[in-house]
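K.L.:
Everything in the sequence shown is counted per the UniProt record's numbering, starting at 1 for the first residue and increasing by one.
Got a structure here, written out as structure tokens. Questions coming.
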Amino acid sequence: MSVVKIYPRAEEPAVQALPLSPAAAPGASTVSAEKLAEKTTAADSLPESEPYPFDRAFHAMLARFTGGISPLALSLAWLDWSSHLAAAPQRQMEISRTALRDTGRLVEAAAHAASPEQRPWSVIRPQARDRRFSGPQWETAPFNLLAQGFLLAERWWRDAATGVRGVSHANEAIVEFSMRQMLDMLAPSNFAATNPKVLEKAFQSGGENYVFGWQNWCSDLMRVLSNSKLAEDGRFVVGKTVAVSPGKVVYRNELIELIQYHPTTAQVRPEPILIVPAWIMKYYILDLSPQNSLVKYLTGQGFTVFAISWRNPDARDRDLAFDDYRKLGVMAALDMIGLIMPGRKTHALGYCLGGTLLSIAAAAMERDGDNRLGTVTLLAAQTDFTEAGELTLFINESQVAFLEDVMWQRGYLDTTQMAGAFQLLRSNELIWSRLSHDYLMGESAPPSDLMAWNADATRLPYRMHSEYLRKLFLDNDLAGGRYQVDGRSVSLSDIHAPMFVVGTLADHVAPWRSAYKIHYQVDADVTFLLTSGGHNAGVVAPPEEPGHSYQVLIKPADAPYVGPDEWLKLAPHVEGSWWPEWANWLAARSGAPCDPPQTGVGDAPGLPDAPGDYVHT
């Protein structure tokens with residue numbers, strides 16, 4: 001197996017935590033521009049012994065045309081499927097019979113299309129979550145027949161791509177996924193001539209929708225060419241309209257800024273909350289507008305809140321390791337919190353990849369006798385990657401090697417490649433529905449704070465991302481007890497602190513059944529909560545916003561294991577946001593309210609107010 005070559009660090013590491021003593025913290029808490037400038041760019045410092053540089057450069061060039069997807073991985077999957085199908089004559093006959101049967105039913109429906117007794121969707125009906133063919137316009141001929149013909153073809157290809165004996169599950173999923181992407185592109189709803197809603201809008205507006213659609217397309221094109229963000233249109237400006245909870249950066253090293261938020265109640269719980277967000281996103285997903293800010297909600301409930309804001313890496317950070325994020329992120333933040341609030345246990349929260357990192361840090365701390373964590377909360381985070389959803393389609397040996405070559409040249413994974421992978425997981429909603437709505441209908445939905453945050457993307461360092469893909473996704477070392485911290489293995493079973501784990505029902509990034517596996521990995525009381533919504537919208541669920549619901553159930557450490565299907569039947573349904581449920585859970589594991597702590601350690605000149613400087617990188 002090809003593994004990424006890790007080069008030993010110099011004695012002076014490229015990224016260091018700054019001194020944390022009260023006397024040194026204020027003066028050493030900023031990183032000078034000169035020190036950052038000393039780092040050479042990736043192009044100037046490529047190791048001479050890097051294997052096969054021309055092959056890697058060729059793969060990096062090829063990735064520009066394939067969107068970062070390995071053509072070899074795709075070809076091997078199709079070869080596996082087609083070869084086994086060619087050697088399965090009975091399966092071929094079954095697929096052929098299905099095609100003839102569906103064609104006959106569609107022809108019969110077409111022959112009776114003018115009959116008043118012929119009802120729409122007589123052959124096949126769209127699934128409930130499929131909005132492409134919603135509305136009465138799609139129930140009239142010939143558009144209803146077009147839609148049914150497409151849905152039959154979509155179903156036929158899905159059946160043909162699956163269930164062929166001998167094809168590996170991974171390759172079968174890749175074939176089904178790639179064919180689905182091609183069919184999604186050819187849906188009748190994506191073309192003006194075959195979309196009755198577009199034709200109706202054109203008739204009513206005299207063709208104005210095409211003019212407005214052209215304007216929307218030009219506006220999007222100019223935004224792409226100018227590399228501007230939604231936040232730059234004045235409606236969602238970081239520090240002015242989003243990420244506005246008052247606070248202060250109390251510590252900074254070359255990787256993080258630690259923000260301490262000001263209390264909004266006369267007294268606070270003695271245990272602070274540390275938020276560890278993912279670095280594939282900006283931290284302010286949990287501090288969006290005031291009406292949907294989790295940070296604002298927590299301070300309003302009487303908690304002292306700290307949050308990590310990660311610096312957006314560039315080519316100079318190519319050798320940042322996954323463990324650097326633990327040391328310079330979680331551990332450095334806990335050290336600083338210990339200086340501000342000595343002797344207090346911390347409620348730690350990890351979101352997405354930040355939750356995976358927090359679980360590793362918690363296991364290593366328990367192994368080493370470090371008991372500073374009072375509770376651990378994981379939001380849409382995975383600790384076992386065997387069922388990591390459709391993201392695993394992009395993770396195999398060929399694909400990881402291809403991505404490594406792309407990152408090797410730049411020193412990081414670009415924002416567009418990460419965003420593109422997530423959009424492909426929900427192409428109907430995020431790509432083609434938007435094309436129809438914005439460019440054909442000529443309508444433009446006003447941007448939201450969540451959309452602006454989503455466009456404020458980040459990069460991933462070469463070494464860290466390679467280690468993440470190989471050790472966690474490919475080899476699943478964490479779940480297998482093989483993941484090492486400081487040269488020794490860590491096990492999630494060492495975690496004994498009470499845990500609150502949140503899964504989201506429609507999560508395409510961290511499927512809730514994958515997050516549910518924490519039940520048999522840790523030796524702790526686990527409160528598992530399944531909330532409505534997706535990876536982001538399910539987490540950002542303010543109590544004042546209608547439409548939220550959840551299920552929750554507590555499993556004591558010594559209770560027998562309950563599988564996810566049984567859990568769905570046992571866990572009671574609750575209407576409303578999950579935030580109050582979690583706040584009550586934290587309060588029950590916290591001490592009596594007391595006076596708020598100091599902000600930071602002494603005077604810290606040069607450190608800005610929240611949201612800090614790193615959020616703008």
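A virtual CB, placed ideally from N, CA and C, is assigned to each residue, including glycine.
Between P560 and Y520, what straight-line distance do the alpha-carbon atoms span, to the nearest angstrom?
P.N.:
Counting from 1 along the sequence shown, the entry for residue 560 is found at position 560. Counting from 1 along the sequence shown, the entry for residue 520 is found at position 520. When rounded, the distance between both Cα atoms is 10 Å.
K.L.:
Looking only at its chain, what residues have a beta carbon closer than 7 Å to the beta carbon of P290, apart from the 5 residues adjacent to it on each side?
P.N.:
Here residue 290 refers to the residue found at position 290 when the sequence shown is read from its first residue. Excluding the 5 residues flanking it on each side, P290 has same chain C-beta neighbours closer than 7 Å at V244 and K296, in chain order.
K.L.:
Which class does F236 belong to by DSSP, given the choice of helix, strand or coil?
P.N.:
Counted from its first residue, the sequence shown places residue 236 at position 236. F236 sits in coil when the DSSP states are folded into three classes, being neither helix nor strand.
K.L.:
I'd like to know whether the C-beta atoms of A187 and R132 end up nearer to each other than 8 Å.
P.N.:
Indexing the sequence shown from 1 puts residue 187 at position 187. Indexing the sequence shown from 1 puts residue 132 at position 132. Yes; because the gap between Cβ atoms is below 8 Å, this pair is in contact.
K.L.:
Would you mind reading off the limits of the beta strand (DSSP E) that contains V574?
P.N.:
Counting from one through the sequence shown, the residue named residue 574 turns up at place 574. Per DSSP, V574 belongs to the beta strand (DSSP E) from H573 to E575.
K.L.:
How would you label G213, buried or exposed, when you count the other beta carbons within 10 angstroms and need 16 or more for buried?
P.N.:
Indexing the sequence shown from 1 puts residue 213 at position 213. Buried, since its Cβ has 16 or more Cβ neighbours within 10 Å.
K.L.:
So, helix, strand or coil for F385, using DSSP?
P.N.:
Counted from its first residue, the sequence shown places residue 385 at position 385. Correct three-state label for F385: coil.
K.L.:
With burial defined as no fewer than 16 other Cβ atoms inside 10 Å of the residue's Cβ, what is the status of G487: buried or exposed?
P.N.:
Mapped onto the sequence shown, residue 487 falls at position 487. Its Cβ having fewer than 16 others within 10 Å, G487 is exposed.
K.L.:
Which runs of the beta strand (DSSP E) spanning at least 3 residues fall entirely within the region 208-289, listed in chain order?
P.N.:
247-252, 256-261 and 273-276, all fully within the region 208-289.
K.L.:
In three-state terms, what does DSSP make of G68?
P.N.:
Position 68 of the sequence shown, counted from the first residue, corresponds to residue 68. Here DSSP, grouped into helix, strand and coil, assigns G68 to coil.
K.L.:
Indicate whether residue 687 and L106 have their beta-carbon atoms separated by less than 8 Å.
P.N.:
Outside the displayed range of the chain (1 to 617) lies residue 687, so it cannot be described from this structure.
K.L.:
Closest by CA to W310, which one among N292, R316, A321 and Y283?
P.N.:
Taking the first residue of the sequence shown as 1, we reach residue 310 at position 310. Residue Y283 is the option with its Cα nearest to W310.
K.L.:
Using 8 Å as the cut-off, can you tell me whether the region 315-327 makes contact with the region 571-585, which would need three or more C-beta pairs spanning the two stretches below that distance?
P.N.:
no
K.L.:
In this structure, what does DSSP give as the bridge partners for Q484?
P.N.:
What you label residue 484 is simply residue 484 of the sequence shown in a count that begins at 1. Answer by DSSP bridge pairing, in chain order: S489.
K.L.:
Counting C-beta neighbours from all protein chains within 10 Å, is the total for residue 644 16 or more, i.e. buried, or is it exposed?
P.N.:
The requested residue 644 is not part of the displayed model; the chain covers only 1 to 617.
K.L.:
Please classify M499 as buried or exposed, where buried requires at least 16 other C-beta atoms within 10 Å of its C-beta.
P.N.:
One-based indexing of the sequence shown puts residue 499 at position 499. Answer is buried; the Cβ neighbour count reaches 16.
K.L.:
I need the straight-line Cα distance from D44 to A315, nearest angstrom please.
P.N.:
Counted from its first residue, the sequence shown places residue 44 at position 44. Counted from its first residue, the sequence shown places residue 315 at position 315. Low local confidence applies: a pLDDT of 38 at D44 is under 50, so the model's placement there is unreliable, with the coordinate-based value given in what follows. Cα to Cα, the separation comes out at about 10 Å.
K.L.:
To the nearest angstrom, how far is the alpha carbon of M93 from that of L152?
P.N.:
Counted from its first residue, the sequence shown places residue 93 at position 93. Counted from its first residue, the sequence shown places residue 152 at position 152. The straight-line gap from Cα to Cα measures roughly 18 Å.
K.L.:
T375 bridges to which residues according to DSSP?
P.N.:
Stepping through the sequence shown from its first residue, residue 375 is reached at position 375. Answer is H347.
K.L.:
Assign V522 to one of three DSSP states: helix, strand, or coil.
P.N.:
On the sequence shown, position 522 is the one that residue 522 refers to. In this structure, V522 counts as coil in the three-state DSSP scheme.
K.L.:
Where does V502 fall in DSSP's three states?
P.N.:
For this step, residue 502 is matched to residue 502 along the sequence shown. The answer is strand: DSSP assigns V502 an E or B state.
K.L.:
Of the choices H112, D595 and A161, whose alpha-carbon is the least far from that of A141?
P.N.:
Numbered from 1 along the sequence shown, position 141 holds the residue referred to as residue 141. When each option's Cα is compared against that of A141, the closest is H112.
K.L.:
For P66, count neighbouring Cβ atoms within 10 angstroms of its own Cβ and tell me buried if that reaches 16, exposed if not.
P.N.:
The sequence position of residue 66 within the sequence shown is 66, counting from 1. Before going on, a small fix: residue 66 reads as Thr here, not Pro. Under this definition T66 is an exposed residue.
K.L.:
Are there 16 or more other CB atoms within 10 angstroms of the CB of S115, so buried, or fewer, so exposed?
P.N.:
In the sequence shown, residue 115 corresponds to position 115, counting from 1. That one is exposed.
K.L.:
For D317, is the classification buried or exposed, using 16 other Cβ atoms within 10 angstroms of its Cβ as the cut-off for buried?
P.N.:
Here residue 317 refers to the residue found at position 317 of the sequence shown. By the neighbour-count rule (16 or more Cβ atoms within 10 Å), D317 is buried.
K.L.:
Does DSSP put P461 in a helix, a strand or coil?
P.N.:
Here residue 461 is taken as the residue at index 461 of the sequence shown, counted from 1. Strand at P461.
K.L.:
What residue does the beta strand (DSSP E) around L553 start on, and which one ends it?
P.N.:
Counting from one through the sequence shown, the residue named residue 553 turns up at place 553. Looking at the DSSP string, the run of the beta strand (DSSP E) that includes L553 is S549 to K555.
K.L.:
Determine the DSSP secondary structure at F528, reduced to helix, strand or coil.
P.N.:
Here residue 528 refers to the residue found at position 528 when the sequence shown is read from its first residue. The answer is strand: DSSP assigns F528 an E or B state.
K.L.:
Between V211 and the rest of its own chain, which residues show a CB-CB distance below 8 Å, the 5 nearest in sequence each way excluded?
P.N.:
Stepping through the sequence shown from its first residue, residue 211 is reached at position 211. G442, listed in sequence order.
K.L.:
Exposed or buried, what is W217 when buried is set at 16 or more other beta-carbons lying within 10 Å of its beta-carbon?
P.N.:
As a working note, residue 217 is residue 217 in the sequence shown. Exposed is the call here.
K.L.:
Here's a check: name, in chain order, each residue in its chain whose Cβ is nearer than 6 Å to the Cβ of L529, leaving out the five neighbours to either side.
P.N.:
On the sequence shown, position 529 is the one that residue 529 refers to. Closer than 6 Å at Cβ, skipping near neighbours: V502, Y550, V552 and W578.
K.L.:
If you follow the beta strand (DSSP E) that V305 is in, where does it begin and where does it stop?
P.N.:
Along the sequence shown, read from residue 1 onward, the residue named residue 305 stands at position 305. First-last of the beta strand (DSSP E) with V305: V305 to W310.
K.L.:
To which residues of the same chain is P597 closer than 7 Å at the C-beta, ignoring the five residues directly before and after it?
P.N.:
Residue mapping note: residue 597 aligns to position 597 of the sequence shown, counting from 1. Excluding sequence neighbours, P597 sits near T304, I340 and M341.
K.L.:
Quick one: what does DSSP say L413 is sitting in, helix, strand or coil?
P.N.:
Taking the first residue of the sequence shown as position 1, residue 413 is located at position 413. Here L413 sits in strand by DSSP.
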